[in-house]
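**Student:** Numbering (my numbering) for the sequence shown: 41 to 158.
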Amino acid sequence: MDLKTAIRTYQFAERAKSELIVGSHLTTALIQFPVQEKPGGKRMLLMVLESIRSELEFAHGDTGHSEFRKAIDHLNEAISLTESMELGAASERMSRAVSAATTAAQEAWEMLKEHELL
Numbered sequence: 041m042d043l044k045t046a047i048r049t050y051q052f053a054e055r056a057k058s059e060l061i062v063g064s065h066l067t068t069a070l071i072q073f074p075v076q077e078k079p080g081g082k083r084m085l086l087m088v089l090e091s092i093r094s095e096l097e098f099a100h101g102d103t104g105h106s107e108f109r110k111a112i113d114h115l116n117e118a119i120s121l122t123e124s125m126e127l128g129a130a131s132e133r134m135s136r137a138v139s140a141a142t143t144a145a146q147e148a149w150e151m152l153k154e155h156e157l158l
């Protein structure tokens, strides 16, 4: 990874982590919604998760970093589980996506630290 890619990877990964954590919290919150509110909450949550997926796809396309692809794969599983209202399992997949984004950030951070940019 060159230095410019490391900078972009770090920026994308930090943003992705933040968005994925919010998505995970929303997934967990939906479990507590009253029955009549769950369909609307589910639709809104799916829109948020799909937006996060778009961001991850952009990050992967720009940097080619494999951890972004892993995060997308985990998020795809979370979206599918959310569609079938298996929210506990969806939240767990979101955690895996956060972990993949964290790995990308850590690798980029190490390179930036090596070059005394952080």
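Each residue gets a CB set at the ideal place from its N, CA and C atoms; glycine is no exception.
Contact between the region 121-138 and the region 67-87: three or more CB pairs below 8 Å?
**Tutor:** In short, these stretches touch, since the Cβ pair count reaches three.
**Student:** For Ile61, which residues in the same chain have their Cβ closer than 7 Å to its Cβ, ignoring the five residues on either side in sequence?
**Tutor:** Excluding positions up to five away in sequence, the list reads Val138.
**Student:** Enumerate in chain order the residues of its own chain whose CB-to-CB distance from Thr49 is below 6 Å, with the five nearest sequence positions on each side excluded.
**Tutor:** Closer than 6 Å at Cβ, skipping near neighbours: Thr103, His105, Ala144, Ala148.
**Student:** What does the alpha-carbon distance come out to for the pair Ala56 and Glu150?
**Tutor:** Rounded to the nearest angstrom, the two C-alpha atoms are 18 Å apart.
**Student:** Check for me: the alpha helix (DSSP H) holding Gln146 runs from which residue to which?
**Tutor:** Unbroken alpha helix (DSSP H) run through Gln146: 127-154.
**Student:** Can you tell which of Lys78, Ala111, Gln76 has the C-alpha that lies nearest to the C-alpha of Glu90?
**Tutor:** The residue with the shortest Cα to Cα distance from Glu90 is Ala111.
**Student:** The alpha helix (DSSP H) that contains Leu115, what's its start and end?
**Tutor:** Counting along the chain, the alpha helix (DSSP H) containing Leu115 begins and ends at 106-123.
**Student:** Using 8 Å for Cβ pairs, my map puts Ile71 next to Leu152. What's the rounded Cβ distance?
**Tutor:** About 38 Å separates the two Cβ atoms, so there is no contact after all.
**Student:** Less than 8 Å between the C-beta atoms of Ser64 and Ser135, yes or no?
**Tutor:** Yes, these two residues count as a Cβ contact at 8 Å.
**Student:** Taking the Cβ atom as the reference point for each residue, do Glu95 and Glu59 lie within a distance shorter than 8 Å?
**Tutor:** Their beta carbons are under 8 Å apart, which means Glu95 touches Glu59 by this criterion.
**Student:** How would you call Ala69, buried or exposed, if buried means at least 16 neighbouring beta carbons within 10 angstroms?
**Tutor:** The residue is exposed, with fewer than 16 neighbouring Cβ atoms inside 10 Å.
**Student:** Alpha carbons only, please: which of Glu154, Glu132, Leu157, Ala141 is nearest the one belonging to Leu66?
**Tutor:** Minimum Cα distance to Leu66 is reached at Glu132.
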